[in-house]
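> Just dropping this structure here.
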Amino acid sequence: MAAEVEPAAVRVLVFGAALRAHSTNARLAALASHLVAESGAEADLAGMRDFDMPLYDGDVEDAEGLPAGALALAERIKRCDAFVISSPEYNASVPGLLKNAIDWVSRVRPQPFKTKHALLLSSSPSMIGGNRGLWALRVPLEHLGTRVYPDMFSLPRAHEGFTEDGRLSHPGAQQRLTETIAGFMRLVCADVQFVCLQRRWYEFPGDRTDAPVTQRAED
23 MAAEVEPAAV
33 RVLVFGAALR
43 AHSTNARLAA
53 LASHLVAESG
63 AEADLAGMRD
73 FDMPLYDGDV
83 EDAEGLPAGA
93 LALAERIKRC
103 DAFVISSPEY
113 NASVPGLLKN
123 AIDWVSRVRP
133 QPFKTKHALL
143 LSSSPSMIGG
153 NRGLWALRVP
163 LEHLGTRVYP
173 DMFSLPRAHE
183 GFTEDGRLSH
193 PGAQQRLTET
203 IAGFMRLVCA
213 DVQFVCLQRR
223 WYEFPGDRTD
233 APVTQRAED
């Protein structure tokens, strides 16, 4: 059973990080969005096509500023307490499309990834379900200050992993996804609702306290 939270107490952005029209990661994101909504939170479902942007180019940024797609994604992240990414795995790592989006959005100030909770999911036709890509995806997100949930979910043989109604074909996989999202939502709910947890310092490991580029923030 999904975690119980107060209606509209938290808002979660859920998006599939693939462009293919029938991507299994889009289907996994839709299922995750449904489970988030079942918990009583507000789920904001999106896809990568909603955030079109060119390859990151510092000269383009200097001349034209941030592209509309990056600003739109940054705004959706800012409006949420947490986000869920369902990502494919490209050559045992992060898809270039997703990494490019992270790089662009990281240029927004204040930096929207910082202090957000994130849950990482993946699906793949392979037997490991794209899990190697999720380990690579943790690196830039955690570097930017995102609190990435320790548990991750990967769906192997994803091309045959869904029922007609959008659930997972294997009951054990469905249960594990439900439990993973429930645990994540309990953490996000506690972080949002308990005042005693809402004041703390965040910083990048290794930065000096006098380094202006760190842009520390006290919440």
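Letter by letter, the sequence shown follows residues 23 to 241 of the numbering used here.
Heads up, the beta-carbon is just placed ideally off N, CA and C, and yes, glycines get one too.
Predicted model, so just to flag it, every value in this text is computed and none were measured.
(1) Could you pull the DSSP bridge partners for L35 from this structure?
(2) Is T185 buried or exposed, if buried means 16 or more other CB atoms sit within 10 Å of its CB?
(3) Determine the DSSP secondary structure at H139, reduced to helix, strand or coil.
(4) Answer yes or no: do S115 and A158 have a C-beta to C-beta separation smaller than 8 Å?
(5) Are G91 and D74 closer than 8 Å when you measure CB to CB?
(6) Cβ of G167 within 8 Å of Cβ of F135?
(7) So, is G80 buried or exposed, given that buried needs 16 or more other C-beta atoms within 10 angstroms?
(8) For F206, collect the residues of the same chain with a Cβ closer than 6 Å to its Cβ; drop the 5 residues on either side in sequence, then sort them by chain order.
(9) By a C-beta neighbour count over all protein chains shown, 10 Å radius and 16 as the cutoff for buried, is E111 buried or exposed?
(10) Got a sec? Which residues, its chain only, sit under 6 Å from A31 by beta carbon, not counting five neighbours each side?
(11) Are G151 and S109 touching if we call contact CB-CB under 8 Å?
(12) Identify whether V170 lies in helix, strand or coil by the three-state DSSP scheme.
(13) Please tell me whether G38 and L50 are closer than 8 Å, where the distance is taken between their beta carbons.
(14) What does DSSP give as the partner residues of L50 in its beta bridges?
(15) Helix or strand or just coil, what does DSSP make of R221?
(16) So S242 packs on P117, CB below 8 Å; how close in whole Å?
(17) For L41, which three-state DSSP category applies?
(18) Express the C-alpha separation of L143 and L120 in angstroms, rounding to a whole number.
(19) Can you tell me whether DSSP reads F216 as helix, strand or coil?
(20) Suppose contacts are defined by Cβ-Cβ distances below 8 Å. Is D72 in contact with R33 by that definition?
So, from the listed chains and residues:
(1) What you label residue 35 is simply residue 13 of the sequence shown in a count that begins at 1. Assignment of beta-bridge partners to L35 by DSSP yields D66 and F105.
(2) In the sequence shown, residue 185 corresponds to position 163, counting from 1. By the C-beta density criterion, T185 is exposed, having fewer than 16 other C-beta atoms within 10 angstroms.
(3) Position 117 of the sequence shown, counted from the start, is the residue given in the question as residue 139. Three-state result, H139: strand.
(4) Residue mapping note: residue 115 aligns to position 93 of the sequence shown, counting from 1. Residue mapping note: residue 158 aligns to position 136 of the sequence shown, counting from 1. For S115 and A158, yes; Cβs fall inside 8 Å.
(5) Taking the sequence shown and counting its residues from 1, one reaches residue 91 at position 69. Taking the sequence shown and counting its residues from 1, one reaches residue 74 at position 52. Against a cut-off of 8 Å, the Cβ pair of D74 and G91 comes out as a contact.
(6) As a working mapping, residue 167 is identified with position 145 in the sequence shown. As a working mapping, residue 135 is identified with position 113 in the sequence shown. The Cβ-Cβ distance between G167 and F135 falls below 8 Å.
(7) Mapped onto the sequence shown, residue 80 falls at position 58. That one is exposed.
(8) Residue numbering aside, residue 206 sits at position 184 when the sequence shown is read from its first letter. Beyond the five residues adjoining it in sequence on each side, F206 comes within less than 6 Å, by CB distance, of L141 and Y171 in the same chain, given in chain order.
(9) Here residue 111 is taken as the residue at index 89 of the sequence shown, counted from 1. Buried, because 16 or more other Cβ atoms sit within 10 Å of the Cβ of E111.
(10) Mapped onto the sequence shown, residue 31 falls at position 9. The beta carbon of A31 sits closer than 6 Å to none of the beta carbons in its chain outside the five residues before and after it.
(11) As a first step, residue 151 is located in the sequence shown; it is residue number 129 there, counting from the start. As a first step, residue 109 is located in the sequence shown; it is residue number 87 there, counting from the start. For the 8 Å CB-CB criterion, G151 and S109 do not form a contact.
(12) Taking the sequence shown and counting its residues from 1, the one referred to as residue 170 is at position 148. In the structure shown, V170 falls within a strand segment according to DSSP collapsed to helix, strand and coil.
(13) If you number the sequence shown from 1, residue 38 lands on position 16. If you number the sequence shown from 1, residue 50 lands on position 28. Yes, the Cβ-Cβ distance between G38 and L50 is below 8 Å.
(14) Your numbering for residue 50 matches position 28 in the sequence shown. Among the bridge pairs identified by DSSP, L50 is matched with none.
(15) Within the sequence shown, numbered from 1, the residue matching residue 221 stands at position 199. Residue placement at R221 is poorly supported in this model, since its pLDDT is 49, which falls under 50; the coordinates are not used for a value here.
(16) A question about residue 242 goes unanswered here, because the residues of the chain that appear run from 23 up to 241.
(17) Here the question's residue 41 lines up with position 19 in the sequence shown. Of the three classes helix, strand and coil, the one that applies to L41 here is coil, per DSSP.
(18) Your numbering for residue 120 matches position 98 in the sequence shown. Your numbering for residue 143 matches position 121 in the sequence shown. Rounded to the nearest whole angstrom, the CA to CA distance from L120 to L143 is 13 Å.
(19) The residue you call residue 216 lines up with position 194 of the sequence shown. Three-state DSSP puts F216 in coil, outside helix and strand.
(20) Within the sequence shown, residue 72 is the residue found at index 50, counting from 1. Within the sequence shown, residue 33 is the residue found at index 11, counting from 1. The answer is no: Cβ separation not under 8 Å.
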